[in-house]
Amino acid sequence: MVGTNLTTVVEFILLGFSDLHNFQGLLFITFLVIYISILLGNGLIIVITNMEPALQIPMYYFLGNFSFVEICYTSVTLPRMLMNLWRQKRNISLLSCAVQLCFFLILAATESFLLAVMAYDRYVAICKPLSYPLIMNRKMCVQMVIGSWVTGIPVFIGQTYQVFSVPFCGSNKLNHVFCDMPPLLKLACGDTSGNEFFIYIDCFLFALIPFLLILFSYIRILSTILKLPSTTGRSKAFSTCSSHLIVVCLFYGSGSIAYLQSKSSYSGRTDKIFSLFYITVTPVVNPMIYTLRNKDFIEAMRKLFSKCIG
């Protein structure tokens, strides 16, 4: 339905991949395999980090929580996308769209803060090893995780309300694969400069500040690693940190391109590509990045599989 204000528009139509008529089945199978891989890969990390005594340390506690966020993060968007591809019915009510947007933003902020927390954990472990057990105690770790989860909740509830308070006019066809702020603002009529301003503020608070904290942590880590006398010690430290850095680059790189563009320069096709990158590619490769490069984790997987087989 098309209307001139919010009360007359009762739903949006998510265009998604509607232009690729001959590939709907292939796209469904592809994204289904990706979603199952995300659930299995990140689920395995959660199980192993909770069951293996050798992994009961802050680094793996944060990794388990990060994997749980990844599962929630993709579950907000991918099941709806799969349903649209399967049923060829792409309409979504305003309420469902608002709920999806709100949860997506909250989980994205949580992931951003957890990446910063994981960088801080590596900083303390490498730069202040003697103080590590005292600083990164159980209480502190729990507080950091809870803080990562709850900090963005009031902000993004308000942000979602603000976005859906603007009048929508013209077409109700949302040129995207899920309800996200840039394509929603593209459909809004009137002056949306205030909404765009708050998007930049949110990016500063929930993306740039955590990224700067990560950057500062790794500058200090690199400085400390280069001073290590042992080549083996330097190699182990680089290996531990490189996995996290790869994930940071994937997450912040694709997310910043999708969000740090104005309404006038918004490109549906480009935004869909980068959005798919950070809702599918990053979560599916994270388990491989963290596990295949980690000897402790590989050993823990061997033990778990041996118990299952035995």
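Quick note on numbering: the sequence shown equals residues 884 to 1193 in our numbering. Note that beta-carbon positions come from the ideal geometry of N, C-alpha and C, so glycine has one too.
With distances taken from CA atoms, which of 1078, 975, 1080 and 1129 is nearest residue 1098? If we check each option's Cα against that of residue 1098, 1129 comes out closest.
With a threshold of 16 other CB atoms inside 10 Å of the CB of residue 913, please say whether the residue is buried or exposed. By the neighbour-count rule (16 or more Cβ atoms within 10 Å), residue 913 is not buried but exposed.
Helix, strand or coil, according to DSSP, for residue 1177 in the structure here? coil
If contacts are defined as beta-carbon pairs under 8 Å, then residue 1161 and residue 1188 qualify, I think. What distance do you get, rounded to the angstrom? Residue 1161 to residue 1188, Cβ: 31 Å. No contact.
Give me, in chain order, the residues of the same chain whose beta-carbon lies closer than 8 Å to that of residue 949; leave out the 5 immediate sequence neighbours on both sides. Within the same chain, and ignoring the five residues on either side of residue 949 in sequence, the residues whose Cβ sits closer than 8 Å to its Cβ are 994, 997, 998, 1001 and 1169.
For the alpha helix (DSSP H) holding residue 945, just list the boundary residues, first then last. 941 to 958
Starting from the C-beta of residue 1078, find all residues in its chain whose C-beta is less than 7 Å away, skip the five residues before and the five after it, and write them out in chain order. Closer than 7 Å at Cβ, skipping near neighbours: 1045, 1046, 1049 and 1068.
Chain-order list of residues whose beta-carbon lies under 6 Å from that of residue 1024 (same chain, five-residue window excluded): 941 and 944
Close beta carbons around residue 1088, own chain, < 8 Å, minus the five adjacent residues each side: 1038
Among the candidates 981, 968, 934 and 953, whose CA atom is the shortest distance from the CA of residue 906? 968
At least three beta-carbon pairs within less than 8 Å, the segment 1006 to 1016 to the segment 1092 to 1109: yes
With a 10 Å radius around its C-beta and 16 neighbouring C-beta atoms as the bar for buried, classify residue 1095 as buried or exposed. exposed
Using the C-alpha atoms, what's the distance from residue 895 back to residue 989? About 22 Å.
Using three-state DSSP, classify residue 900 as helix, strand or coil. coil
Are the CB atoms of residue 1064 and residue 984 nearer to each other than 8 Å? With contacts defined by Cβ atoms closer than 8 Å, residue 1064 and residue 984 form a contacting pair.
Give me the Cα-Cα distance between residue 1034 and residue 1192, rounded to the nearest whole angstrom. Rounded to whole angstroms, residue 1034 to residue 1192 spans 43 Å at the Cα level.
Under three-state DSSP, which class holds residue 1182? helix
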